[in-house]
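Residue numbers (my numbering), protein chains in the order written: chain A, 1 to 396; chain B, 397 to 792; chain C, 793 to 1188; chain D, 1189 to 1584. C-beta atoms are modelled at their ideal positions from N, C-alpha and C, and glycine is treated no differently. Every value quoted in this text rests on a predicted model; they were computed, and no experiment measured them.
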């Protein structure tokens, strides 16, 4: 055993084939749809192509038809899939479904897996994760959770408002986080529920227009109003919802990093090609020092991001909660990837702003990542607190 | 005479009334149109309202119904107008028309003024400025100009392709920069021409979709193909186009700064209101240190931007070319204003990303300013060269 | 009245003559002493030369032999003096004496002025300002003041420990801030006392070695122990010490900015000369893009700093407390000047690190400015709070 | 084989024991000597203690009494040694000796190893590496090499001037880089020579005072003047000096990163302890958001630096030249480590500036790392060129 950066051969091969698939199959579709799509037919066709290529849902266990990739394996493959905004959709490894699969595989009952997980993995249905609430509810501070589930005979009644629920429109079901004990502000007392979209107590209030538009079906505001669910709708155990959220969030924020790292590399490739091919002031654009600086800084940011992601993955694969390392990876990645795309735009000049290249689109898509999955500020606060606590513990 | 920061009383009053007009009249229209408009009826109505309020076209000379504001006066008023994306449109001080008015007032013949300037000032027509060309033509390096005007009997024939021509669609005429002598790369030999939109030799090739969408009618790619114009179409003297471009660009880039500074202040106001009203982790968001840091940095960036703009304006008002000070103001402003908007988004979190507030829109609109009117890299290159030349001159 | 950036003629002339004096007289002395001096003979000679040149103590009122420069006037002159680390010492406008003169002129009694102010202005003696205390005393939070002055018959007894007291060693007296009512943490209850160095209750505990070494006599830790002073030692009124501190601090932090801005310009001049004269990779260093970027960023930082300083000065000269504008100027300046010096070092490479040029020295001297006179974090906190309070007041 | 971050057990144990040795033995010596030492007795004693602890020279092969640590092994151990400025000296893994050992082990003849390598490894003697020349000679651009070695009978005569030669004063010999063919500017034609300090043609011209002072014996300017050496003084083959320099520089710049990373961690530990123990504005300093941000950013920078170092080490251990990955690691590390130390100073406030803690010292020591071993700008230029070349090769 020693420090090692090469993925194992199978994973390397899968990553390579994923890269080829994205280049040959996904990017042509992407270009026909201006980078993103909200059309289910396109989704279905992309997923069929990925399945035919043997690349579909590689993260789920072999039992469910995947490769059972560990986090480090995902790091290699998801980055390649992320090279197009449509790549993760094609492989069925996009948020929020990918995180929900991870969660359901970990804690659902066999019956729940049969009913909710299988069709999700196959791409037959989509899902959503209903946690975030409008102010002053659950957001940066999950404990602020106000949606409440009340015990009724044979089940629960859920009441509350959620927003920025990605993929809610058209989803077959929601995993809803609701408070089953305690009050807003308490660090315990939440429970996860599986709520069918057909449940009359679950309403889509509105589509939330936002800067980003690439996550399939976008974001919605939804309402649980007298939403009655049976006991079997409880995911895992009652009152352990915050624990499960951690099960989902650590890996989910890290797979986000992987996918966006793919976009960062794509942006850099576009910028480098432009800089190498374009003349300015009598030289190749790529020979001007300030452009070289941006190219180099992109390369550095990409390398540093990848290193932090791999580190976090390795910790998660060792069975660690990865709380600190995934927070570090997420915070750095979200900012570094943003810088990379921003520099790519700058290198390309007016072209970078135009829709002739997808960089402006990437800028829009990447910006929210500094906010989604915990704003950088919240992560920094948590990172610092853990460092200080470690010191205080050691100095006692 | 001593250093003085207060504008004269008339200007201060005008700025105050502009601020009130934007708040009471323009922002309601803005909110009804999601921040921007491409609709000419809206433009006409906004301009009528501004005229009724005595605020219309304050920058043109009294002869043309304006206030003849000098650059320092514009700084005070344009910043207030820029508080809404529609404010400059309402006052008819938006790009590119505002810069074109400035240019025409300075160098057009009386006949040209009658025909082109008057209706532009009144808002009866719009115009465009056709300089930028697709690679490898005129862009960061204006001398790369490839569009050519050839002498024919009684006039000129213009041939060439331009892109990112703001406001071209629907404009009554274009001010076209074409090479009348020398070759691409030469630092002289350009001439400006007034070309009517009705000229069959002038074609709109396509609308260029771009990240920003607020400049009225957006950006277009246009083609001059066998475009014949009479001698009277020459603006100023033949072969002096690059000089006139400087007449236009120094002030034009500075008024851009003023308008965008308005948006920066708006973004900060939205963020401060959110931070003051929102609770998080049991405190007011505005009491969290990292949020305070962003609020303070915004305040600092806004103050520094304003200082640099005023300095550049003062130099221009003294009759200086302001080459260095406008480049400094533009480079700093474009980056500082971008930072301000970006931080405002971050302070507002998911809300900042949503269309419920215009911050995501501002982010899109402000990004190109680091590229338009000379990318930051080109300005830095020019700033440094002037510094070094000054040293070399002084040390001889 | 309109925005104006030119100083009045007298001031401009004084600034010019100061620049010449620094170049011709001060810098040669500086180079003979490796940039700094702790030698009183050097101080006295430099001050004599400045007096002979008619440049001595230009900030004090005509009554005291100065020019009565307002803050804007100081901005012009102090920047020129600051071009050498020894310039402010020569003109007797260095910290902490300059701030103490300002304070004494504003609030001392005629007797106190005669005894303490006159010899300070003439350079006959030096002084110090004893406010900062070791943790957990007065520092970023002045209200944490723990040094206490107890009423005794015909006077007061002061007890407490101070540190980072600049210039204490060799000073003829200290202005000591002590608590006369309330408890540590209270925002009132402080009083200022004039304490002679000869007072047996005032002891220099130790010299504090620190990164910076240019402030004359450096920093010391001092102890007030059973230090008895008469009633006439009270400066201003009892319990109003915190108010007077503001009188001193707003201008003092701004004059600090002026002086350090001089160093920033000096650093830039050294770097530009090096870049212009040195060949690398077959071109002049100054023609490499990344070097041009650093030169340009220095120019921008210098210009922005100057703009913010002038703005703060103008507000102070209008009689405003300048709380917000001086905090903004100080925070930005301290960071911008640091960046300028840091870039200058980088441009000069190994030479920049060596003592062959004073850049490494400047780096050491400038670093503490982000901490002295209120750390950037404290200022940002205060800036943000004022912005938020303004919003809350306006939205009531 | 899969991505793996844990070092093997032996290395982990060695790192742990190194950490304990630095804490228990080295830091007490450091504190007695204000952080650094130029005293040979101290060096010898520290090295004896390290030898007694079984920690001495762990990087050299077993044949020479070391552990034969590969680069990844060094990463773990050197970071721990670097926790004190004196740690690397104690273990005899400080620059420039460590890089020279690496080089001599790789290319020296058995006789040369016996004579030069063995006493260097044992700590009996010190050495220096004489490559850098004053402008316009070899520096950022090694090809600018002007020192010349001329063939004479049975040997060579070397003439030229070198500066910033670390450790030259007191070194037993220098490895001198001189041009044996071609002209300044040519990318080939250099040869390495082993030159005894006793050689009358080798003179120490002067000690170069510099911002940093911790590298043993500091930096010197030296002169080769009619310096005659025999054929056996040639290290490796004639005219292959630039190749060998690469053999030395890739690993040497990476071990530099490891050692400085130790200092970054030390700085962070000092800052965290201060923040956790100090009260301000009624809370623990560590609970203020802006302080938490600095603590978190330090943690992120440290983690990212370590990831990039490990990646570069892994590539070197695979036999790659590691040109790109070591350049990336070096550029990022030098800047990140600097930021960490700078933030640590800021967190500690005035204390951070004082010599009561070693942070000001660290700031001085770390600054040159952005220049030594290739300035960041040169590395960025090289990184970008390789990226562009890769694109051009792939797109042919």
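Query	Result
Beta-carbon proximity list for residue 1103(C), same chain, < 6 Å, skipping 5 on both sides	1117
Below-9 Å beta-carbon distance, residue 1299(D) vs any chain C residue	no
Residue span of the beta strand (DSSP E) that contains residue 1013(C), given as start and end	1011-1022
Any non-hydrogen atom of the ligand ADP within 8 Å of residue 358(A) CB	Questions concerning the ligand ADP fall outside what the structure shown contains, since it holds no ligand whatsoever.
Other residues of its chain near residue 875(C): CB distance less than 6 Å, five sequence neighbours each side excluded	814, 1054 and 1058
Same chain, Cβ closer than 7 Å to residue 1164(C), neighbours up to 5 away in sequence not counted	none
Rounded C-alpha distance that separates residue 829(C) from residue 886(C)	13 Å
Partner residues on chain D for residue 1071(C), Cβ-Cβ distance less than 9 Å	1323, 1324 and 1332
Where the alpha helix (DSSP H) through residue 1084(C) begins and ends	1081-1109
CB contact check: residue 401(B) to chain C, cutoff 9 Å	yes
Proximity test, Cβ basis, 9 Å: residue 1429(D) and chain B	no
Interface residues of the region 281-300 of chain A facing chain C [CB-CB below 8 Å]	288, 289, 290, 291, 292 and 293
According to DSSP, residues forming a beta bridge with residue 524(B)	570(B)
Residue 432(B): contacting residues in chain A (beta-carbon distance under 8 Å)	Near residue 432(B) there are no residues of chain A at all, since even the closest Cβ is about 13 Å away, more than 8 Å.
Secondary structure of residue 914(C), DSSP reduced to three states	helix
Cβ-based contacts, 7 Å cut-off: residues of the region 1119-1132 of chain C near chain B	1120, 1123 and 1124
Residue-level contact to chain B via CB, residue 214(A), 9 Å cutoff	no
Alpha helix (DSSP H) segment containing residue 1122(C), residue limits	1115-1140
Contacts of residue 1000(C) in chain D (Cβ-Cβ under 8 Å)	1542, 1543 and 1544
C-beta contact flag for residue 650(B) and residue 718(B) at 9 Å	yes
Where residue 279(A) falls, given that 16 or more other Cβ within 10 Å makes a residue buried	exposed
Rounded Cβ spacing between residue 239(A) and residue 188(A) (contact assumed at less than 8 Å)	6 Å
Which of helix, strand or coil DSSP assigns to residue 844(C)	helix
Cβ-Cβ separation, residue 571(B) to residue 1120(C) (assumed contact under 8 Å), whole Å	Actually they are not in contact, since the Cβ atoms of residue 1120(C) and residue 571(B) sit about 40 Å apart, beyond 8 Å.
Bridge partner(s) assigned by DSSP for residue 1071(C)	1076(C)
Supposed contact pair residue 1328(D) and residue 1141(C) - C-beta distance, whole angstroms, cut 8 Å	7 Å
Cβ-based burial, residue 1232(D) [other Cβ within 10 Å; buried from 16]	exposed
Residue range of the beta strand (DSSP E) that includes residue 546(B)	544-548
Alpha-carbon to alpha-carbon, residue 70(A) and residue 1494(D)	23 Å
For residue 1027(C), the nearest candidate out of 1087(C), 1038(C), 990(C) and 904(C) (CA to CA)	904(C)
Span separating the alpha-carbon of residue 1352(D) from that of residue 1397(D)	10 Å
Within chain D, the residues that residue 190(A) reaches when beta carbons sit closer than 7 Å	The contacting residues do not exist; residue 190(A) stays about 26 Å from chain D at best.
is_contact[residue 377(A), chain B] using C-beta, thresh 9 Å	yes
Residue burial classification, residue 930(C) (beta-carbon count within 10 angstroms, cutoff 16)	buried
Which residues DSSP lists as bridging residue 246(A), in chain order	Residue 246(A) is not bridged to any residue.
Within chain C, the residues that residue 1348(D) reaches when beta carbons sit closer than 9 Å	Residues of chain C passing the Cβ test: none, with the nearest at roughly 17 Å.
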